[in-house]
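Encoded as structure tokens, the structure appears first; notes follow it.
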Amino acid sequence: MINLERKDWIRALSAHPATDLNALARQQSEGCEVRLTSLPQAGLGLLTLTDGAFHEPYYLGEFPLSACRVELSLADGRRAEGGAQVLADDAELARSLAILDAVLAARLPGWEFVAEQVNAGADKIRATDRRRQAMLAATRVDFAMLNNSEDEDDDE
């Protein structure tokens, strides 16, 4: 069973190495006809904000982005659609993630194994988040003590 919403599946799967995901997608798409509804593309996205004073676009920078949409068809007539956008310059990875998304969404044969990978990826992400929170907590500074010592000095 998956404890995540569909919008979080790609992030969880992306916690695994791309080579493993590509192999899993090849395995899961055996016996299926894979039709690309949008070609796998890899490129750069542009992060734009609006300037607060003049209300003009301000370009913060670029980031790698790959996207793909697929439709899977089984011999028994079942169909499934999936898509993925991933922050990586890897069109093959986007295609693989789109296939895994379709398999999982439609619960096609082998979806249980894909669900296990989603849950394992979510566990990796939670562990990383816990480590980051621990590091953040260790660097937190309490300025309340400084304020109290200044007040005591002022009284004298």
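Just so we're aligned, residue 16 is where the sequence shown starts under my numbering, counting upward by one.
We put the CB at the ideal spot given by N, CA and C, even for glycine.
Note that the structure is a prediction, hence the values are computed from the model and not measured.
Distance, Cα to Cα, residue i vs residue j?
i	j	result
residue 66	residue 78	20 Å
residue 102	residue 143	18 Å
residue 17	residue 60	30 Å
residue 48	residue 89	7 Å
residue 25	residue 93	23 Å
residue 156	residue 123	51 Å
residue 64	residue 71	8 Å
residue 14	residue 27	Because the chain is modelled from 16 through 171, residue 14 falls outside the range shown and cannot be assessed.
Considering only the alpha carbon of each residue, which of the options lies closest to residue i?
i	options	result
residue 32	156, 86, 139, 147	139
residue 105	48, 91, 23, 56	56
residue 113	52, 64, 159	52
Hey, residue i and residue j are a contact pair by Cβ (cut 8 Å); roughly how many whole angstroms apart?
i	j	result
residue 136	residue 30	4 Å
residue 75	residue 62	4 Å
Shorter than 7 Å, the distance from the beta carbon of residue i to the closest heavy atom of the ligand MN, or not?
i	result
residue 111	Absence of the ligand MN from the depicted structure is noted, as is the absence of any ligand whatsoever, leaving it without description.
Report all residues from its chain with a CB closer than 6 Å to the CB of residue i; omit the five preceding and five following residues, and keep chain order.
i	result
residue 121	95
Between residue i and the rest of its own chain, which residues show a CB-CB distance below 7 Å, the 5 nearest in sequence each way excluded?
i	result
residue 111	36, 37, 40
residue 80	58, 59, 60, 100, 102
Ordered along the chain, which non-local residues of its own chain (more than five positions away) have a Cβ less than 8 Å from that of residue i?
i	result
residue 34	none
Q | At least 3 beta-carbon pairs within less than 8 Å: the segment 111-121 vs the segment 38-51 | A | yes
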